[in-house]
Amino acid sequence: MRMAWCRISLAFLGLLAAPSHLLPSSSQAPGASRSATLAYQAKEAREFERAVTLFEEALAGDPANIPLRKDLAYTLLAIGRTERARDEFGLVLQRDPKDSYTALEYAFLCHETGRQEEAWILFRTLRSAANKEHRATATKTFASMDAELLGRIARLEEALKRDPGNYSSHLELARVRTVRNDFAAAATEFETAYRLKPEYAEVLLDLGSALRKAGDVEKANAVMLTASRVTAAFVAEQAKALLPKRYPYLSEFEKALQFDARQPALRREMGFFLLSLDRKVDAQAAFEQVLREEPADPLAAAQLGFLRLEQGQRDVALPLLRTALQTEDGALRERIAKVLLQEGEQAPAAAPQPSRSQSAVSPLVVIPDAALSQGFAEAETSRRLARKSYDAGFIPDAIRLYEEAHRLDPANFDTMLRLAWSLNMGKRDDEALRWFSLAARSPDPVVAHEAQTAIRNLTMPAPSSSGMVAPVAREGFVASVWAMPLHSTRWGSTFSYAQAKLEWEQRRIPVVPYFSLRFVGDTTGSIGVANPQFLSENSFIAGLGMRTRPWSGLVAWGEAGSTMAYLTSRREATGRFLPDYRGGISHFKLAGPSLLNAKAGNFAETMNDVVYIHRFDRDTLAISRNRVGRHLGKLGGMGGLQLQAFLNLNLNADFKRQAWANFVEAGPGIRLRWAWMPPSLSFTFSYLRGHHTIRRVDDRPNTYNDFQAGFWYAITR
Amino acid sequence: MPSPASIRLLALAMLSLCLSASISARAQLSFAVTCEAPGWQAVFATFALSQIESAEEADIRVLCGDAPAANRAELDGWLSPHRVLILEGQSPIAASYGFVASGAPAASVRNVKDRRAEELLIVWQRPMEIVPTAMPQGAKVLMEERWSGAPLVALLPTPQGAVLWVAVPPGDSGFDRFPLLANALAEAGFVAPFRSRNLWAFFDSAYRQRVDLDYLTARWERFGIAGLHVSAWQHWEADEQKDAWLRKLIEACHRRGILVYAWMEFPHVSERFWAEHPECREQTALGQDAQLDWRKLINLSDAACSERVKQGAASLLSRFSWDGVNLAEIYYESLEGVQNPARFTPMNQTIRRQFEAEAGFDPATLFDAASPRHLSRNVAGLQRFLAWRRHRIGELHEDWLRFVAAAQTPAGELHVVVTQIDDRFDDSVRDNLGADSNAILQLMHQYRFTFLVEDPATVWHLGPARYTGIARAYAKVTPYPERLAVDINIFPRYQEVYPTKRQTGVELYRLVHAAANAFPRVALYFEHVLATEDLPFLAAAALPAVRASRQGDSIVVESAQPIGVEWRGPVRVNGRPWAAKDESTVWLPRGRHTLEAGGEDPALILRRFSGEVRHVHSAGRRLEFHYASDTRAIATFDEAPARLWVDGQQLSAPVYEAVQGYYLLLPAGEHLVAVEAAFTDVPSQ
């Protein structure tokens with residue numbers, strides 16, 4: 017039997033009242049435009065296609081013209097474009113829901129074009145229409161339609177009683193129930209049909225739709241998520257269009273797997289998602305489950321192998337990795353081989369390379385490897401495109417493509433690393449940090465090291481004397497503010513150093529221009545005449561500057577601007593405005609864990625600046641601050657306290673050989689923060705014993721003790 | 003000042019130029035490609051274009067993406083309003099027209115939107131990485147990546163002619179990536195050079211009740227429909243309003259030279275028959291009334307019910323001026339066979355009694371799990387019943403062929419078509435449906451009918467090549483291969499197919515072309531599901547292999563079937579004025595013919611003929627032609643014929659008004675006809 021006709025012809029059952037009285041109007045709608053006039057003329061001349069075009073033109077300028085739209089619909093009916101005609105009547109009905117005449121037209125056309133469920137509910141509703149004739153037509157039609165449906169339901173239910181495992185009957189019953197708008201019952205039948213023959217994935221679309229109409233949106237999404245990951249591309253594409261545009265939540269993965277537990281690909285994807293959330297135990301369980309269902313799944317085997325290896329379970333890991341070597345993905349095979357070699361395994365025999373079928377196409381076109389699985393081929397394509405996007409500076413595209421690549425090939429640590437860099441470039445450091453953390457677990461030491469370095473850079477925004485924040489690669493305008501109030505017993509005063517900076521970061525140019533506003537002040541207003549300019553300028557310093565990008569922790573910079581003294585005494589001494597030119601080289605290096613790191617470890621850091629300041633008698637200062645100590649990690653039971661204990665060694669010198677600028681100081685110190693505080697906030701306490709290396713001309717001693725307490729806070733947007 | 007002689011010479015040259023232009027002013031005959039391009043070759047072969055080496059002489063040129071640098075000046079000189087240049091990708095020559103990389107990153111393309119049919123879901127089997135291309139000013143994007151909008155196919159009109167740009171080749175099959183590519187070519191100026199008038203279409207009037215019939219029949223005529231098979235079950239019982247509508251439809255078809263068949267779908271009879279005769283309802287193996295999807299099955303084995311059905315059929319055939327009757331899908335249900343007793347037929351009392359009398363057991367016990375004769379324990383019994391069931395289908399066909407042969411109808415003898423699902427290519431349907439084509443084909447010895455093979459859903463994914471296999475399978479078992487036809491089901495397929503679920507565009511054209519190569523007749527199931535985008539090239543695709551070439555101002559055409567050639571103006575065929583033509587087409591018999599521009603048209607033109615014209619000869623006011631037709635034939639002339647001779651015998655036949663001209667109804671079979679125009683004046687010199 018032909019497959020097309022599941023519809024009954026109401027019209028030829030004698031139920032359609034339309035032909036006699038629902039005739040197209042041929043008179044022109046009032047207030048019609050020139051297009052409308054021409055449309056009616058074309059229709060009179062039986063040039064229907066031209067009339068349709070003209071009606072459409074007229075409606076573009078007058079979309080609320082209901083008579084015009086109806087006449088368009090009737091003209092469409094005349095040329096057999098029934099679905100378009102239905103939709104036009106639908107628009108008319110939206111504007112005037114009480115128009116039972118149009119509602120009847122729409123209901124009949126819904127029925128004719130396969131939208132029986134809409135037709136059913138409309139006929140049912142129209143049984144109470146105000147117009148007697150319309151009411152009678154709707155009542156008669158609905159009665160006929162519903163009796164037919166009820167008859168089919170009774171037959172199918174009876175058939176299912178005798179043969180409960182009959183796929184066709186469940187499916188047909190589901191469809192009949194859908195027509196009767198009984199979506200919950202329809203969903204039950206669709207689900208039963210799916211469970212009987214899960215290979216017919218298109219049923220998932222019907223099931224998802226029925227669930228959504230029945231109000232069970234959560235389960236509908238779970239079903240659609242399942243459908244979106246099936247291998248049948250048409251089903252997957254349609255399901256994707258019905259899912260939210262974002263990546264699914266973990267709970268949605270879980271619900272999809274609750275709906276249908278046997279979805280190895282979906283479970284594997286969830287495993288990688290769990291990994292990205294740092295839920296290794298759950299991820300491991302997911303991969304293990306995948307391997308129970310699909311023992312040869314190379315991705316799950318590879319990832320589980322890596323995880324086991326990380327846990328030191330070499331005996332378990334190596335067989336898994338050997339299993340995963342069967343993959344057709346050359347890149348994955350290479351990664352596994354590298355790890356096996358590191359583990360002292362013999363170099364695995366090169367697996368046969370899948371043949372490439374390259375059709376005669378433009379060189380711009382790369383056809384995915386025929387032998388590769390679709391997912392890997394797509395992942396490789398996404399990675400390639402992402403790299404191009406990144407290089408071209410299209411960071412959002414790069415992020416999207418790397419995310420897609422990760423979804424398709426979740427075991428690829430290089431993808432994670434590159435995604436992290438892209439997020440970093442896209443000013444999404446929190447997310448970048450998460451991906452760097454994942455990439456840091458890579459069995460490839462190069463990837464892991466790069467990720468670890470990036471983590472340090474991201475989590476330790478250290479100041480230099482130039483006020484540079486630890487370099488974070490961004491694009492566009494980057495605003496940063498930092499402040500470092502510091503109390504010194506040596507000077508008996510509290511100093512405050514702060515800087516607000518607006519940088520214009522562009523990858524295309526080698527330097528970063530910026531505008532800077534510094535603040536330098538103290539609570540006493542003057543700290544002795546010998547060194548007023550160094551510690552206590554009591555000024556705002558505005559300037560335009562330029563810096564290089566960090567290279568091995570080294571940054572060169574220069575500024576030109578003006579200082580504005582805000583204290584009267586200062587203004588009287590030096591004038592309110594003074595030109596200010598400064599520049600220098602700044603260097604920062606950290607080895608070991610930063611204060612943000614949850615794990616303990618030894619660390620050493622050095623901050624070195626050479627600064628030329630025109631206003632300081634064209635002097636050049638060299639400042640070196642060094643700390644060596646122990647990072648104690650996150651201390652339990654102390655509210656998430658993170659603490660570092662260290663020894664300071666600070667060296668200062670200048671070219672002009674001024675006594676105040678040449679000294680050495682050393683002593684113990686601590687730096688701490690609590691986990692709940694912003695990552696860029698920390699407190700520092702140091703006790704320093706210092707000695708001036710050039711004898712001072714005033715009567716102050718050359719040796720001194722200094723207790724310094726201060727905090728550091730920076731914001732970058 | 004030019005002399006009168008030179009003016010005459012100039013006028014002659016101008017006339018000659020005009021005539022020459024009229025030969026093939028619009029259509030393209032040949033194409034050239036710069037690379038191995040199976041996709042382009044498949045597309046153009048579907049429309050019988052020849053591939054030639056000389057690019058300069060080609061009507062269409064494809065410059066592949068990796069083609070050596072082309073000469074822009076040479077291309078500008080070659081391009082003309084009736085030539086099409088196709089560029090692929092971002093080659094230097096494409097760049098010279100302004101198709102350059104947009105600078106946007108490459109994107110993975112899988113889901114394509116065609117602006118002509120935006121809701122059509124086009125999904126590529128394999129995604130491709132494509133570097134987006136910036137469009138030059140004036141270019142019109144025809145297809146794009148669905149989500150990013152990256153252009154994939156665009157049209158650039160230039161002062162010389164049209165340039166069609168594609169981001170990537172169309173794929174080896176010609177429809178892998180751009181199913182509506184032929185429509186894009188048409189926008190660039192492509193006109194198919196040949197067409198057929200040989201297609202049948204199934205027509206369910208329930209879907210077309212509000213349509214303007216003149217509009218619809220004009221469309222069918224334009225797109226090569228020769229016969230319409232109209233849902234008879236919708237008109238089974240006499241009804242004043244519905245009968246009037248059907249008469250109007252049949253008249254409208256005849257005025258366009260389209261034949262009309264009564265399409266019966268036994269054992270479904272009609273909704274009303276089912277409602278009024280519950281005692282005649284077929285039963286499933288579960289003992290339920292057999293209403294399976296839209297069909298409500300009637301027990302045709304019951305003598306009383308069968309008689310009632312025949313009375314209805316006689317009434318139907320006599321009330322309307324049918325040209326033929328289609329006994330379609332007389333078989334049992336269902337495609338799931340015995341696996342699904344809820345859909346398994348027949349199991350009515352008559353059948354059960356008849357079988358039990360022969361075999362000694364009730365076939366219902368095969369489906370009774372408690373019975374020792376249950377099919378799981380009774381393979382021999384099941385096989386016996388299935389074989390008996392197939393035999394019953396053969397008997398039903400014979401019964402109905404006998405009935406139709408004896409039926410009294412306005413047209414006299416009706417052309418009979420038997421539509422039956424294929425069981426040679428996919429033999430699973432033999433047991434599942436009881437279909438037995440071999441038994442039916444043997445009836446050709448007793449009854450004259452065309453056997454229309456229904457393409458089963460199980461093989462819809464196999465591509466155009468399957469028709470050759472199906473044709474071969476039937477040629478082996480039929481005594482009359484010339485009476486075979488095939489039916490293409492245009493329907494969303496349940497298999498994993500790309501790039502569209504329903505056959506459309508180039509895929510449909512290739513199916514039609516392959517089917518036309520394998521079978522004498524192709525039917526489309528069914529008329530109202532054909533997308534508007536699919537119509538323009540149907541007639542062009544429905545042709546078997548054609549060879550054509552230009553030889554100076556002439557075109558030489560060789561075809562195994564009658565063929566229409568795109569042509570404007572008077573024409574001489576094989577050196578003689580030719581009378582079988584209309585405004586845009588010259589209709590030729592099968593064979594080799596040379597066409598050249600003619601001076602004037604003959605006095606009487608045969609605009610359209612529903613059968614096969616084998617020879618045409620014009621002499622003054624008289625037109626003679628030799629034809630063959632399975633049905634009575636509709637011959638449409640530009641003027642009303644005054645006198646008619648059939649096989650030398652002068653006949654008086656009514657002349658009806660056609661949409662353009664007048665038509666006569668001529669007898670079925672093979673005949674020599676002569677007609678004379680009502681007025682005899684040939685335009686004076």
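Here the protein sequences come in this chain order: A and B.
Numbering of the first sequence is given in the numbering used here, commencing with residue 17 and proceeding in unit increments.
Numbering of the second sequence is given in the numbering used here, commencing with residue 3 and proceeding in unit increments.
From the three backbone atoms N, C-alpha and C, an ideal C-beta is built for every residue, glycine too.
Under three-state DSSP, which class holds residue i?
{"i": "Y582/A", "result": "coil"}
{"i": "M441/A", "result": "helix"}
{"i": "L172/A", "result": "helix"}
{"i": "K142/B", "result": "strand"}
{"i": "E344/A", "result": "coil"}
{"i": "W324/B", "result": "coil"}
{"i": "W265/B", "result": "strand"}
{"i": "P717/A", "result": "coil"}
{"i": "S482/A", "result": "Because S482/A carries a pLDDT of 32, less than 50, the predicted location of this residue cannot be relied on, and no value is offered for it."}
{"i": "E560/B", "result": "strand"}
{"i": "V406/B", "result": "helix"}
{"i": "F124/A", "result": "helix"}
{"i": "S512/A", "result": "strand"}
{"i": "R478/B", "result": "One detail in the question is off: residue 478/B reads as Lys in this sequence, not Arg. Coil."}
{"i": "P348/B", "result": "coil"}
Rounded to the nearest angstrom, how far is the Cβ of residue i from that of residue j, given a contact under 8 Å?
{"i": "I686/A", "j": "L659/A", "result": "6 Å"}
{"i": "R563/A", "j": "V528/A", "result": "5 Å"}
{"i": "H515/B", "j": "A543/B", "result": "5 Å"}
{"i": "G362/B", "j": "F427/B", "result": "About 35 Å; that fails the 8 Å criterion."}
At 9 Å on the CB atoms, spell out the chain A contacts of residue i, in chain order.
{"i": "H530/B", "result": "G96, T98"}
I want to verify the contact list: residues of chain B whose CB lies under 9 Å from the CB of residue i, in sequence order.
{"i": "D179/A", "result": "L288, N342, P343, A344"}
{"i": "S185/A", "result": "N342, A344, R345"}
Give me the chain B residues within the contact set of residue i, using Cβ-Cβ distance strictly less than 7 Å, ordered along the chain.
{"i": "D413/A", "result": "P107"}
{"i": "L128/A", "result": "Reading off the sequence, residue 128/A comes out as Glu, not Leu. Chain B residues near E128/A: Y209."}
What residues of chain B sit near residue i, judged by a beta carbon separation below 8 Å?
{"i": "E174/A", "result": "L288, Q290"}
{"i": "A277/A", "result": "In chain order: nothing, as chain B lies at least about 24 Å away."}
{"i": "S568/A", "result": "The contacting residues do not exist; S568/A stays about 30 Å from chain B at best."}
{"i": "K404/A", "result": "P107, A108"}
Give the residues of chain A in contact with residue i, contact being defined as C-beta atoms less than 7 Å apart.
{"i": "L1/B", "result": "This structure cannot speak to residue 1/B, because chain B is shown only from 3 to 687."}
Interface residues of chain A around residue i at Cβ under 8 Å?
{"i": "S430/B", "result": "Those within 8 Å of S430/B in chain A number zero; the least Cβ separation is about 15 Å."}
Quiz item: Quick one: any contact between the segment 110 to 125 of chain B and the segment 149 to 161 of chain B, if contact means 3 or more CB pairs under 8 Å?
Solution: yes
Quiz item: Name the residues in the segment 130 to 162 of chain A whose C-beta lies less than 7 Å from a C-beta of chain B; which are they?
Solution: none
Self-check item: chain B contacts from the segment 417 to 440 of chain A (Cβ-Cβ distance under 7 Å)
Solution: none
Practice problem: Residues of the segment 67 to 80 of chain A with a CB closer than 9 Å to any CB of chain B: list them in chain order, please. | Solution: none
Quiz item: Three or more beta-carbon pairs under 8 Å between the segment 592 to 608 of chain B and the segment 620 to 632 of chain B, yes or no?
Solution: yes
Exercise. Check distances from the C-beta atoms of the segment 115 to 129 of chain B to those of chain A and list, in chain order, the residues that come in under 9 Å.
Key: L123, V125, W126, Q127, R128, P129
Practice problem: Would you check if the segment 557 to 576 of chain B and the segment 178 to 196 of chain B touch, i.e. whether three or more CB-CB distances between them fall below 8 Å? | Solution: yes
Quiz item: Is the segment 418 to 426 of chain B in contact with the segment 363 to 377 of chain B, if contact means three or more CB pairs nearer than 8 Å?
Solution: no
Quiz item: Given a limit of 8 Å on CB to CB distance, which residues of the segment 484 to 503 of chain B reach chain D?
Solution: Considering every chain present, this structure includes no chain D. Its protein chains are A and B.
Quiz item: Counting Cβ pairs closer than 8 Å, one from the segment 348 to 365 of chain B and one from the segment 178 to 196 of chain A, do we hit at least three?
Solution: no
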